[in-house]
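What follows is a set of notes on a single structure, which appears directly below.
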Amino acid sequence: MASIDENNILTLLNRKIKPGQSAKINFNTAKLYTQTTVEVPIIVERSTKPGPVVLITGGIHGDEINGVEIVRQTIAKGMNKPAKGTIICIPVVNVFGFLNMQREFPDGRDLNRMFPGSKTGPLASKVAYQFTEEILPIADYCLDFHTGGSSRFNAAQIRIDKGDEELLNLAHIFNAPFIVYSKTILKSYRKSCMKLGKPVLLFEGGKSSDSNKEIAKIGVEGIQRVLSHLGMLREDFSVPKANHTSIIIEDSTWMRAKYSGLLHVKIPIGKKVEKGEYIAILTDPYGSFRHKVKATQTGYIINVNQSPIVYQGDAIFHISKEK
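So in the UniProt record's numbering, spot 188 of the sequence shown is number 188, and the numbers just go up one at a time.
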């Protein structure tokens with residue numbers, strides 16, 4: 001199990017890392033059916049000064065490129081070299097899925113529904129178990145980066161449990177456009193963090209199999225603000241100014257397509273719409289059908305289905321509910 005001893009020496013995956021040292025550790029999770037070892041690179045940067053341990057992860061779902069890009073930029077810019085404490089970056093947790101641009105593991109299981117895992121379980125469960133036992137215990141704070149699934153584009157948001165004032169404060173410091181109160185999913189990574197008493201911010205932004213510069217910018221700047229708040233951002237980095245107050249979403253609902261057809265979205269993600277406002281058109285391919293989609297309530301659009309073709313009943317907009 002990971003630990004820091006009385007001399008401030010970090011032991012992680014049987015590797016000892018002294019204060020001021022850097023390390024790249026390969027987390028050997030499993031082998032392919034060809035017996036080829038699959039390794040998950042872990043980048044560790046330590047200051048000479050003691051301080052918190054921040055664990056930054058992306059790619060728990062293998063096709064969520066925005067999260068990978070946010071962690072990659074954090075490393076490439078040198079932001080992961082702390083003024084105090086330790087920063088551990090894992091850009092791609094689910095290397096198996098990343099190789100094939102798939103959300104799940106090769107066994108078809110969603111890693112983010114397998115925590116805390118099992119020593120003798122299926123592949124995804126074993127990886128979750130090793131991660132929970134050998135990496136997560138050392139963290140004081142966790143930042144986990146995700147995107148919307150399939151063609152559903154999430155507005156940049158931090159998801160937290162309602163009633164946790166420490167997380168609410170950290171979420172406001174991160175300063176994504178939205179803070180969404182979201183119940184913790186059973187067997188998720190976030191749930192394991194909470195059970196171990198690790199404050200965790202879950203970032204959602206963009207859609208899978210897509211890289212979005214604006215979403216990546218929001219994520220990287222949010223990391224800077226959190227690290228600055230913890231006293232871990234070096235002086236050669238300026239803290240991005242917070243130009244807005246994050247909007248808190250306490251409840252939300254999905255609008256669904258009344259008809260099958262081609263979807264033409266007419267409003268930008270994140271917009272506040274009024275009930276009855278014209279927000280999209282559904283058409284057929286032949287020019288004989290045209291249906292105006294109107295907002296069913298007043299609220300913010302926090303997710304848009306960007307698929308050009310939808311079926312009746314498909315979720316097309318995620319809209320907040322007014323109190």
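Glycine included, each C-beta is placed from N, C-alpha and C at the ideal position.
For residue i, three-class secondary structure by DSSP
{"i": "Val-293", "result": "strand"}
{"i": "Lys-272", "result": "strand"}
{"i": "His-172", "result": "helix"}
{"i": "Gly-154", "result": "A small correction: the amino acid at residue 154 is Asn; Gly does not occupy that position in the sequence shown. Residue state, collapsed to three classes: strand."}
{"i": "Asn-28", "result": "strand"}
{"i": "Gly-149", "result": "coil"}
{"i": "Asn-80", "result": "coil"}
{"i": "Arg-46", "result": "strand"}
{"i": "Gly-67", "result": "helix"}
{"i": "Asn-112", "result": "helix"}
{"i": "Pro-137", "result": "helix"}
{"i": "Ile-75", "result": "helix"}
{"i": "Glu-322", "result": "coil"}
{"i": "Leu-55", "result": "strand"}
{"i": "Leu-233", "result": "coil"}
Where residue i falls, given that 16 or more other Cβ within 10 Å makes a residue buried
{"i": "Pro-137", "result": "exposed"}
{"i": "Val-239", "result": "exposed"}
{"i": "Gly-67", "result": "buried"}
{"i": "Ser-22", "result": "exposed"}
{"i": "Met-101", "result": "exposed"}
{"i": "Gly-231", "result": "exposed"}
{"i": "Ile-185", "result": "exposed"}
{"i": "Ser-320", "result": "buried"}
{"i": "Gly-78", "result": "exposed"}
{"i": "Ile-60", "result": "buried"}
{"i": "Tyr-141", "result": "buried"}
{"i": "Met-255", "result": "buried"}
{"i": "Leu-263", "result": "buried"}
{"i": "Pro-91", "result": "buried"}
{"i": "Gln-35", "result": "exposed"}
{"i": "Leu-99", "result": "exposed"}
{"i": "Gln-224", "result": "buried"}
{"i": "Asp-107", "result": "exposed"}
{"i": "Gln-312", "result": "exposed"}
{"i": "Thr-120", "result": "exposed"}
{"i": "Ser-211", "result": "exposed"}
{"i": "Asn-14", "result": "exposed"}
{"i": "His-318", "result": "buried"}
{"i": "Ser-125", "result": "buried"}
{"i": "His-244", "result": "exposed"}
{"i": "Thr-147", "result": "buried"}
Whole-number beta carbon distance between residue j and residue i, since they are thought to touch under 8 Å
{"i": "Ser-188", "j": "Arg-113", "result": "7 Å"}
{"i": "Gly-20", "j": "Ser-3", "result": "Rounded, the Cβ-Cβ distance is 18 Å, inconsistent with contact."}
{"i": "Lys-183", "j": "Asp-161", "result": "7 Å"}
{"i": "Ile-302", "j": "His-229", "result": "So it is not a contact: roughly 25 Å between Cβ atoms."}
{"i": "residue 325", "j": "Leu-143", "result": "Because the chain in this structure spans residues 1 to 323, residue 325 falls outside the shown range and cannot be described."}
{"i": "Lys-275", "j": "Thr-298", "result": "5 Å"}
{"i": "Ser-246", "j": "Ala-176", "result": "6 Å"}
{"i": "Ile-279", "j": "Lys-266", "result": "6 Å"}
{"i": "Ile-75", "j": "Ile-43", "result": "6 Å"}
{"i": "Gly-149", "j": "Ser-208", "result": "6 Å"}
{"i": "Gly-51", "j": "Ile-70", "result": "So it is not a contact: roughly 22 Å between Cβ atoms."}
{"i": "Val-304", "j": "Ile-269", "result": "5 Å"}
{"i": "Thr-132", "j": "Pro-116", "result": "4 Å"}
{"i": "Ile-215", "j": "Gly-206", "result": "4 Å"}
{"i": "residue 324", "j": "Gly-62", "result": "Any answer about residue 324 is impossible in this case: the structure gives the chain only from 1 up to 323."}
{"i": "residue 325", "j": "Glu-204", "result": "Residue 325 is absent from the model: the chain starts at 1 and stops at 323."}
N-terminal and C-terminal residue of the beta strand (DSSP E) that residue i is part of
{"i": "His-207", "result": "What sits at residue 207 in the sequence shown is Lys, not His. First-last of the beta strand (DSSP E) with Lys-207: 200-207."}
{"i": "Lys-16", "result": "15-17"}
{"i": "Thr-283", "result": "278-283"}
{"i": "Tyr-300", "result": "299-305"}
{"i": "Ile-185", "result": "Neither: Ile-185 is in no beta strand (DSSP E) and is coded neither H nor E."}
{"i": "Val-265", "result": "261-265"}
{"i": "Ile-247", "result": "247-249"}
Any non-hydrogen atom of the ligand FMN within 7 Å of residue i CB
{"i": "Pro-19", "result": "Summarising the ligand content, the structure contains no ligands, and the ligand FMN is consequently not present."}
The alpha helix (DSSP H) enclosing residue i, as first and last residue numbers
{"i": "Val-214", "result": "A quick correction: the sequence has Glu, not Val, at residue 214. 213-229 is the span of the alpha helix (DSSP H), which, as asked, contains Glu-214."}
{"i": "Asn-100", "result": "95-100"}
{"i": "Thr-253", "result": "Taken as a continuous stretch (DSSP letters only), Thr-253 belongs to no alpha helix (DSSP H), being part of the beta strand (DSSP E) at 252-256."}
{"i": "Tyr-189", "result": "189-195"}
{"i": "Val-127", "result": "123-134"}
- Message: So, does the region 67-87 touch the region 158-165, judging by three or more C-beta pairs under 8 Å?
- Response: no
- Query: Contact between the region 134-152 and the region 289-298: three or more CB pairs below 8 Å?
  - Reply: no
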